[in-house]
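Participant: I am attaching a structure below and will ask some questions about it afterwards.
Protein chains: 2
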Amino acid sequence: MSLVIVGTVAFDAIETPFGKTDKIVGGAATFAGLSASYLYDNVKLVSVIGEDFGDNIDIIKAKGIHVEGIEVVKGGKSFFWSGKYHNDMNSRDTLVTELNVLADFDPKIPASYQDCEYLLLGNLTPQVQLHTLERLKEQPKLVVLDTMNFWMDVALEDLKKVLQKVDVLTINDEEARQLSGEYSLVKASEKILQMGPKYLIIKKGEHGALLFGEGQIFSAPALPLAEVFDPTGAGDTFAGGFMGYLAKVKSINFTNMKNAIIYGSAMASFCVEKFGTERLKDLTQEEISARIQQFVSLSKFDIA
Amino acid sequence: MSLVIVGTVAFDAIETPFGKTDKIVGGAATFAGLSASYLYDNVKLVSVIGEDFGDNIDIIKAKGIHVEGIEVVKGGKSFFWSGKYHNDMNSRDTLVTELNVLADFDPKIPASYQDCEYLLLGNLTPQVQLHTLERLKEQPKLVVLDTMNFWMDVALEDLKKVLQKVDVLTINDEEARQLSGEYSLVKASEKILQMGPKYLIIKKGEHGALLFGEGQIFSAPALPLAEVFDPTGAGDTFAGGFMGYLAKVKSINFTNMKNAIIYGSAMASFCVEKFGTERLKDLTQEEISARIQQFVSLSKFDIA
Chain A
1 MSLVIVGTVA
11 FDAIETPFGK
21 TDKIVGGAAT
31 FAGLSASYLY
41 DNVKLVSVIG
51 EDFGDNIDII
61 KAKGIHVEGI
71 EVVKGGKSFF
81 WSGKYHNDMN
91 SRDTLVTELN
101 VLADFDPKIP
111 ASYQDCEYLL
121 LGNLTPQVQL
131 HTLERLKEQP
141 KLVVLDTMNF
151 WMDVALEDLK
161 KVLQKVDVLT
171 INDEEARQLS
181 GEYSLVKASE
191 KILQMGPKYL
201 IIKKGEHGAL
211 LFGEGQIFSA
221 PALPLAEVFD
231 PTGAGDTFAG
241 GFMGYLAKVK
251 SINFTNMKNA
261 IIYGSAMASF
271 CVEKFGTERL
281 KDLTQEEISA
291 RIQQFVSLSK
301 FDIA
Chain B
1001 MSLVIVGTVA
1011 FDAIETPFGK
1021 TDKIVGGAAT
1031 FAGLSASYLY
1041 DNVKLVSVIG
1051 EDFGDNIDII
1061 KAKGIHVEGI
1071 EVVKGGKSFF
1081 WSGKYHNDMN
1091 SRDTLVTELN
1101 VLADFDPKIP
1111 ASYQDCEYLL
1121 LGNLTPQVQL
1131 HTLERLKEQP
1141 KLVVLDTMNF
1151 WMDVALEDLK
1161 KVLQKVDVLT
1171 INDEEARQLS
1181 GEYSLVKASE
1191 KILQMGPKYL
1201 IIKKGEHGAL
1211 LFGEGQIFSA
1221 PALPLAEVFD
1231 PTGAGDTFAG
1241 GFMGYLAKVK
1251 SINFTNMKNA
1261 IIYGSAMASF
1271 CVEKFGTERL
1281 KDLTQEEISA
1291 RIQQFVSLSK
1301 FDIA
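This is the structure:
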């Protein structure tokens, strides 16, 4: 049984108030895969890269992540994104987006991936997300979908089709408002849960995350940080940690979902401490456990 | 021993997407006093009103709150504020501010108030806050200060003086950033705690609140609400509930502060359900207990 993650494996160039990088390894599936690999040992990626990606794939392989589902396009160039964060780190300008090989991405599911029990559909065109689902012979136990406002603008009908086939949707608060047409996140969640997913996770960045489902609500804190060095990939790292935890504990219910969100938040809190995937390359289980305990003491109270 | 609250007792006229009021009873001390009265039975207000306030004072008296410290200016007009909330309820325009009797407010502390053990200095000029402290013969066990960006703009030096004499400061996230010159709330808290207070509470509205002190951080959730009817007074209601809880349990430490924040948040969640003080007039202890339990289930998780 395995956790399959579909998403971008790419190059990023990032500028923050703390510094500037050349092309470094990025992409939603990269961040999610690295994050999940600390919690679950059978993680498999589906993506497309160009020949220019070269040895960079070793960052992913080094964590024992399967890469047979990452197509390498001969002579092709990998997806490239470049952005500059503002001083508040909550907003950014995209400087460059080169789709390159991603423009014709048609996800290939190797036979060895057909044991997929947990599927994370990273932020891609809803069409690609649908194709992935169709190419799995058995419906996974849990399908989590990440998307963004862009697809609500340009491919809403396709997005609604894929929403009907997933168990969990993760979006941010503005996207939840856009998708539902409701300002109140409670009302927004009610409308979105009628579109298909059984659970909705609303990511609020420095304000934490909300989980809606089974008629319940859970509010997870974000760890207040003295410095956010680079927020790139934090949402994908969150999703990877969330999935990795659920794949590990195997049982899907609201209680485990809550813990999964805490694990996802903890992994994301590491991600932002350095540029790109740097901090996710060599975490120890001790560091992760200590971070989880910080979340416990951050949010625990005891009213008699 | 008593809980003394200094602040405005006033008239408001409010417009929200849900409707519009004529002049109704408002004011920081009114909201805080009503809120505290559900948790502690010896609440005393210090304020100033005009003769026009008339029988409206009965809303406060009805909850057993002491009003000897509310000066009535003969022929004077009470402070009046009118505002209109935008559709998102997070921003508002002030339509009218008439200081009236508040312009010359010089707080009178009746002899019967000298048993003050808990003091809430509501949002007023730092000068008035300082005068109140000077007029108490004994330093209270706990002094909580509420303030706002306006006083940071026009009376920063006075504000810094009063900050040296208080135990807890409550402000919102933008104000914490302004006061400290730091964007990160962790860094902001470090600077602000060097200005005098032992504890800092950062109010984040729909995103909850953060407590800093004793080298620890606590993140309290806000209750996600289907409808926010009128946010006026929510911050004051929070402060009143916070103080009322601490006055009741009598012991000041980080653990009790955390619970106090949950009580304050619960009281604030009632406040916004109706216009002005309407919802704070006749709450039951059962309603409050049930709301506290909602906060418990909202934020509780159990990682082995």
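The listed protein sequences derive, respectively, from chains A and B. The first sequence maps to residues 1 to 304 in the working numbering. The second sequence maps to residues 1001 to 1304 in the working numbering. Beta carbons are placed, not taken as given, at the ideal position from N, Cα and C, and that holds for glycine. All figures in this text were calculated on a predicted structure; none of them were measured in a lab.
Could you have a look at K1203 (chain B) and say whether DSSP puts it in helix, strand or coil?
Facilitator: As a working mapping, residue 1203 (chain B) is identified with position 203 in the second sequence. Strand, per DSSP.
Participant: Taking DSSP as the reference, what is the three-state secondary structure of S251 (chain A)?
Facilitator: For this step, residue 251 (chain A) is matched to residue 251 along the first sequence. Looking at S251 (chain A) - three-state DSSP - the assignment turns out to be coil, as it is neither helix nor strand.
Participant: So with Cβ pairs under 8 Å, would you call S184 (chain A) a contact of chain B?
Facilitator: Taking the first sequence and counting its residues from 1, one reaches residue 184 (chain A) at position 184. It does; some Cβ of chain B falls within 8 Å.
Participant: Under the DSSP definition of a beta bridge, which residues are partnered with Y245 (chain A)?
Facilitator: Taking the first residue of the first sequence as 1, we reach residue 245 (chain A) at position 245. Paired residues: none, contrary to the question.
Participant: Relative to the alpha-carbon of T125 (chain A), which residue among A:Q139, A:M148, A:Y199 has its alpha-carbon at the smallest distance?
Facilitator: As a position in the first sequence, residue 125 (chain A) is number 125, starting the count at 1. Closest option to T125 (chain A), Cα to Cα, is A:M148.
Participant: So which residues of chain A does V1272 (chain B) contact, with C-beta pairs closer than 9 Å?
Facilitator: Within the second sequence, residue 1272 (chain B) is the residue found at index 272, counting from 1. Per Cβ cutoff of 9 Å: no residues; V1272 (chain B) is ~12 Å from chain A at best.
Participant: Please say whether Q1114 (chain B) and L1136 (chain B) have beta carbons closer to each other than 8 Å?
Facilitator: Against the second sequence, residue 1136 (chain B) aligns to sequence position 136. Against the second sequence, residue 1114 (chain B) aligns to sequence position 114. Yes, these two residues count as a Cβ contact at 8 Å.
Participant: What first and last residue would you give for the alpha helix (DSSP H) that runs through S1299 (chain B)?
Facilitator: Start at 1 with the first residue of the second sequence, and residue 1299 (chain B) comes out as number 299. First-last of the alpha helix (DSSP H) with S1299 (chain B): 1285-1299.
Participant: Report the residues of the region 1076-1093 of chain B with a CB closer than 8 Å to any CB of chain A, ordered along the chain.
Facilitator: Hits within the stretch, in order: N1087, D1088, M1089.
Participant: Are there any heavy atoms of the ligand MG lying less than 7 Å away from the beta-carbon of Y1038 (chain B), as far as the coordinates show?
Facilitator: Inclusion of the ligand MG in the displayed structure is not the case, the ligand content being empty and no account of it being possible.
Participant: Does any C-beta atom of chain A lie closer than 8 Å to the C-beta of A1176 (chain B)?
Facilitator: The residue you call residue 1176 (chain B) lines up with position 176 of the second sequence. Taking Cβ atoms only, chain A never reaches closer than 8 Å to A1176 (chain B), which makes this a no.
Participant: Where are the beta strand (DSSP E) runs, 3 residues long or more, that stay fully inside the region 1116-1142 of chain B, in chain order?
Facilitator: Listed in chain order, the complete beta strand (DSSP E) runs (minimum 3 residues) inside the region 1116-1142 of chain B are 1116-1121.
Participant: May I ask which residues mark the beginning and end of the alpha helix (DSSP H) holding E1157 (chain B)?
Facilitator: Translated into the one-based positions of the second sequence, residue 1157 (chain B) becomes position 157. First-last of the alpha helix (DSSP H) with E1157 (chain B): 1156-1163.
Participant: Using a Cβ cut-off of 7 Å, pull out every chain B residue sitting near E227 (chain A), in sequence order please.
Facilitator: As a first step, residue 227 (chain A) is located in the first sequence; it is residue number 227 there, counting from the start. What E227 (chain A) touches in chain B: S1184.
Participant: Where does G1064 (chain B) land, buried or exposed, given buried means 16+ other C-beta within 10 angstroms?
Facilitator: Mapped onto the second sequence, residue 1064 (chain B) falls at position 64. Per the 10 Å Cβ criterion, exposed.
Participant: If you draw a straight line from the alpha carbon of F167 (chain A) to that of S1078 (chain B), how long is it in whole angstroms?
Facilitator: Sequence index remark: in the first sequence, residue 167 (chain A) carries index 167 (1-based). Sequence index remark: in the second sequence, residue 1078 (chain B) carries index 78 (1-based). Checking the sequence, you will find Asp at residue 167 (chain A) rather than Phe. Going by the C-alpha atoms only, they are around 56 Å apart.
Participant: With DSSP as the reference, identify every bridge partner of Q1216 (chain B), one or two as the case may be.
Facilitator: Walking along the second sequence from the start, residue 1216 (chain B) turns up at place 216. Q1216 (chain B) is bridged to B:G1213.
Participant: Report, in whole angstroms, the separation of the C-beta atoms of K1262 (chain B) and I303 (chain A), which I expect to be a contact under 8 Å.
Facilitator: Here residue 1262 (chain B) corresponds to residue number 262 of the second sequence, with the count starting at 1. Here residue 303 (chain A) corresponds to residue number 303 of the first sequence, with the count starting at 1. The amino acid at residue 1262 (chain B) is misidentified as Lys; the sequence shows Ile. Their Cβ separation, rounded to whole angstroms, is 6 Å, which keeps I1262 (chain B) and I303 (chain A) in contact under 8 Å.
Participant: Can you tell me whether N123 (chain A) is buried or exposed? The criterion is at least 16 other CB atoms within 10 Å of its CB, across all chains shown.
Facilitator: Sequence index remark: in the first sequence, residue 123 (chain A) carries index 123 (1-based). Buried, because 16 or more other Cβ atoms sit within 10 Å of the Cβ of N123 (chain A).
Participant: If contact is defined by three or more beta carbon pairs under 8 Å, each pair taking one atom from either stretch, is the region 1184-1204 of chain B in contact with the region 212-228 of chain A?
Facilitator: In short, these stretches touch, since the Cβ pair count reaches three.
Participant: Looking only at its chain, what residues have a beta carbon closer than 6 Å to the beta carbon of D1093 (chain B), apart from the 5 residues adjacent to it on each side?
Facilitator: Numbered from 1 along the second sequence, position 93 holds the residue referred to as residue 1093 (chain B). Around D1093 (chain B): K1084.
Participant: Who are the neighbours of I217 (chain A) on chain B, taking C-beta pairs under 7 Å?
Facilitator: Walking along the first sequence from the start, residue 217 (chain A) turns up at place 217. Result: P1224, L1298.
Participant: On a CA-only basis, which of A:G264, A:F229, A:E214 is nearest M244 (chain A)? Give me that one, please.
Facilitator: In the first sequence, counting from the first residue as 1, residue 244 (chain A) sits at position 244. A quick correction: the sequence has Gly, not Met, at residue 244 (chain A). It is A:G264.
Participant: In chain A, which residues lie less than 9 Å from K1248 (chain B) when you measure between Cβ atoms?
Facilitator: Along the second sequence, one-based indexing puts residue 1248 (chain B) at 248. Residues of chain A passing the Cβ test: none, with the nearest at roughly 12 Å.
Participant: Using the Cβ count rule (16 or more neighbours within 10 Å means buried), how would you classify Q1293 (chain B)?
Facilitator: Along the second sequence, read from residue 1 onward, the residue named residue 1293 (chain B) stands at position 293. Per the 10 Å Cβ criterion, exposed.
Participant: Name the DSSP beta bridge partners of K84 (chain A), please?
Facilitator: Start at 1 with the first residue of the first sequence, and residue 84 (chain A) comes out as number 84. Bridge partners of K84 (chain A): A:E15, A:D93.
Participant: Quick one: which unbroken beta strand (DSSP E) runs of 3-plus residues sit fully inside the region 1036-1082 of chain B? Chain order, please.
Facilitator: Taking only runs of at least 3 residues, the beta strand (DSSP E) segments lying wholly in the region 1036-1082 of chain B are 1043-1050, 1066-1073.
Participant: Starting from the C-beta of S1002 (chain B), find all residues in its chain whose C-beta is less than 6 Å away, skip the five residues before and the five after it, and write them out in chain order.
Facilitator: Working through the second sequence from its first residue, we reach residue 1002 (chain B) at position 2. N1042, K1044, D1115, C1116.
Participant: Here's the rule: buried if 16 or more other CB atoms are within 10 angstroms of the residue's CB, otherwise exposed. What is T277 (chain A)?
Facilitator: Looking up residue 277 (chain A) in the first sequence gives position 277. It counts as buried.
Participant: I want to see whether chain B comes within less than 8 Å of P197 (chain A), judged by CB atoms only; does it?
Facilitator: If you number the first sequence from 1, residue 197 (chain A) lands on position 197. Chain B, which has no Cβ nearer than 8 Å to the Cβ of P197 (chain A), makes this no.
Participant: Give me the residue from B:V1272, B:M1195, B:N1256 with the minimum Cα distance to V1228 (chain B).
Facilitator: On the second sequence, position 228 is the one that residue 1228 (chain B) refers to. Ranking the options by Cα distance to V1228 (chain B), first place goes to B:V1272.
Participant: So is L179 (chain A) in contact with chain B if we call contact Cβ pairs under 8 Å?
Facilitator: Position 179 of the first sequence, counted from the first residue, corresponds to residue 179 (chain A). No, its Cβ sits nowhere closer than 8 Å to a Cβ of chain B.
Participant: Mind checking whether D1022 (chain B) and A1013 (chain B) have CB atoms under 8 Å apart?
Facilitator: Taking the first residue of the second sequence as position 1, residue 1022 (chain B) is located at position 22. Taking the first residue of the second sequence as position 1, residue 1013 (chain B) is located at position 13. Cβ atoms of D1022 (chain B) and A1013 (chain B): closer than 8 Å.
Participant: If I follow the unbroken alpha helix (DSSP H) through S180 (chain A), where does it start and stop?
Facilitator: The sequence position of residue 180 (chain A) within the first sequence is 180, counting from 1. Element bounds for S180 (chain A): 173-180.
Participant: Answer with yes or no whether the minimum CB distance from N1123 (chain B) to chain A is below 8 Å.
Facilitator: On the second sequence, position 123 is the one that residue 1123 (chain B) refers to. So no, N1123 (chain B) is outside the interface.
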